[in-house]
Every structure is written in C-alpha cells, then in structure tokens.
Amino acid sequence: MTMEGTVQRIEVSAPPQLVYEVALDLEAYPQWATGVKRVDILEEDQDGRPHRASFVADAMIKEISYTLQYAYDLDNGFSWSAEPGDDITAMDGRYEFNELEDGGTEVLYALRVDPTFSIPGFLKRQAEKQIVASALRGLKKQAESAA
C-alpha cells in the first residue's frame, strides 16, 4: 500500500507478536499514546480484533473525534481508514511489524491525515510527523515494558 503522508520506523526490543498485540489493544492507547484521550471499540471482527473504533484526541488546535475501520490484510501488521466525519475528511494509516535478527521488531508506521478544518500543508505534515513519532515512542515503551 503506498500513500502520501508520513512514514517512520523504530526498533523495539520485543518480539513482533507482542508489539502487534500492544498496538492492537486500542482501549489502552490513552495510557501511552500521546494525545489520545478515549477509545471505544464499536465492532469486532470474527477473530475478536477491532473492526471499528471511535477515538477522541487532543489535536493541539482542538479536540477531535473520529472513527476508524481496521483491515487485517497485511501479513505483518494492520491498516486503518477513517470514516469521514466532522473533524476528519480522511485518515489512512498502517503498522507493519518486521522481526529483526536479534528477535526484536522493526515497526513501520505510516499515516496520512486530512482534517476538515483548514491548516497549511507544512503544519499538517509537521502534525503528522509529531503524531507518528510520539506514537512510535509510546508503542516502544509499552511493548518493552511488557516484554
């Protein structure tokens, strides 16, 4: 899947399956994902994984709400897309978890956000970069503490 937006990577000293499970525990995001205030699972798929979830996040400029639909079409991760709403026109992202030789995990996080409110392109890209970087740091810390 290719997309515009921000793509960053981080190495985590925990096995890919554990990092995947931490990333999939959406309801725990407010504990470690900067800016995420609340997550509610609205629907699960047949395997008990989140299919639709609503989020409330502090987006620096204002508090925003959005609903994401999750897809499990990647061999080594998952992706999501936002349903158009009052605050988000589009949001697409994905996590990929690749095992490293030492048993750790390289995590790739890609994100593209189109808010409904006007924001200059360079500020939008800066916000995406900040969201991705802080999410990766939080995921690393959470997964390594669980390892």
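FYI, the numbering used here numbers position 89 of the sequence shown as 1101, with every residue one higher than the one before it. For every residue, glycine included, the Cβ atom is placed at its ideal position computed from N, Cα and C.
7 Å Cβ shell around residue i - same chain, five flanking residues per side excluded
| i | result |
| --- | --- |
| A1035 | Y1107 and L1151 |
Other residues of its chain near residue i: CB distance less than 6 Å, five sequence neighbours each side excluded
| i | result |
| --- | --- |
| L1080 | A1065, W1092 and A1094 |
| V1068 | K1049, R1050 and S1077 |
| M1013 | With a pLDDT of only 40 at M1013, under 50, the local geometry of the prediction cannot be trusted, and the value read off the model is given with reservation. Correct list: empty, nothing qualifies. |
| D1057 | H1063 |
| T1101 | D1126 and T1128 |
| G1047 | A1069 and D1070 |
| D1087 | none |
Contact set for residue i: own chain, Cβ-Cβ below 8 Å, skip 5 residues either direction
| i | result |
| --- | --- |
| W1044 | G1150, L1151, K1153 and Q1154 |
Cα-Cα separation between residue i and residue j, rounded to whole angstroms
| i | j | result |
| --- | --- | --- |
| A1040 | D1085 | 23 Å |
| L1123 | K1141 | 9 Å |
| G1060 | Q1138 | 34 Å |
| K1136 | D1104 | 14 Å |
| M1072 | I1131 | 12 Å |
| A1083 | N1110 | 18 Å |
| E1156 | V1024 | 7 Å |
| A1158 | F1134 | 36 Å |
Residue interval of the alpha helix (DSSP H) (run including residue i)
| i | result |
| --- | --- |
| A1040 | Careful: A1040 lies outside any alpha helix (DSSP H) and carries neither H nor E. |
Nearest to residue i (by Cα), restricted to the options the options
| i | options | result |
| --- | --- | --- |
| A1147 | D1098, P1027, P1042 and A1026 | P1042 |
| A1017 | S1157, A1159 and V1144 | The residue you asked about is not Ala; residue 1017 is Gly in the sequence shown. The option with the nearest alpha carbon to G1017 is V1144. |
| E1055 | L1038, T1046 and D1070 | L1038 |
| E1113 | D1052, P1027, V1019 and D1099 | P1027 |
| K998 | D1099, I1022, D1052 and F1090 | Since the first residue of the chain shown is 1013 and the last is 1159, residue 998 is not available in this structure. |
Span of the beta strand (DSSP E) around residue i
| i | result |
| --- | --- |
| L1151 | Run containing L1151: none in the beta strand (DSSP E); it sits in the alpha helix (DSSP H), G1133 to A1158. |
| T1128 | Looking at the DSSP string, T1128 is not in any beta strand (DSSP E), and its letter there is neither H nor E. |
| R1050 | V1048 to E1056 |
| R1061 | Note, R1061: premise wrong, no beta strand (DSSP E); not H, not E. |
| D1087 | It is not in any beta strand (DSSP E) - D1087 carries neither H nor E in the DSSP assignment. |
| G1237 | Since the displayed the chain opens at 1013 and closes at 1159, residue 1237 lies outside it and no answer follows. |
Can at least three beta-carbon pairs, one atom from the stretch 1116-1131 and one from the stretch 1020-1036, be found at a separation below 8 Å?
yes
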